[in-house]
Amino acid sequence: MYTASQLIREDETLKEFVKRYKNTFLEVTSGDLRLKRSHGYFYQIQGQLHITRRKVCHFIVFVNRIQPLFTERIARDEGFWSIKCFPGWRNFIKSVCCQN
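Heads up: the sequence shown begins at 0 in numbering that gives the first Met the number 0, then just goes up one per residue.
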């Protein structure tokens, strides 16, 4: 397994790298770089926001000293939590914590 810092070329931006190498947790949507909404990191962030009752999370990616930090402000999404996260979380809690 390689990290982005090993694969990114010195002359390309993080956005260019993501467009070229699609197997990352980032995507380009409407010209903007963002965390993939289907990636486990997004699910983790939504779960943490819900459990801690926070409104936002600042997702930060460090690639190397040449690239600027990538930051994305991710807001809590109650609809995403209710539909995508909560059912799996509930099943996990039942199977781990509530066994007879």
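For glycine and all other residues, C-beta sits at the position ideal for the given N, C-alpha and C.
**Request:** Run through the stretch 6–85 for me and flag every whole beta strand (DSSP E) of 3 or more residues, listed as ranges in chain order.
**Result:** 25–28, 31–34, 55–60 and 69–74
**Prompt:** Helix or strand or just coil, what does DSSP make of cysteine 97?
**Reply:** Taking the first residue of the sequence shown as 1, we reach residue 97 at position 98. Note: cysteine 97 maps to coil in three-state DSSP.
**Per-residue burial, glutamine 5 [other beta carbons within 10 Å of its own, 16 or more giving buried]** = For the purposes of this step, residue 5 is taken as the residue at position 6 of the sequence shown. Counting Cβ neighbours within 10 Å, glutamine 5 comes out exposed, since fewer than 16 surround it.
**Asked** Taking buried to mean at least 16 other C-beta atoms within 10 Å of its own C-beta, is leucine 68 buried or exposed?
**Response** Position 69 of the sequence shown, counting from 1, holds the residue named residue 68. Exposed: under 16 other Cβ atoms inside 10 Å.
**Prompt:** Taking C-alpha atoms, which residue in Ser94, Ser81, Glu77 and Leu13 lies nearest to leucine 34?
**Reply:** Here the question's residue 34 lines up with position 35 in the sequence shown. Closest option to leucine 34, Cα to Cα, is Leu13.
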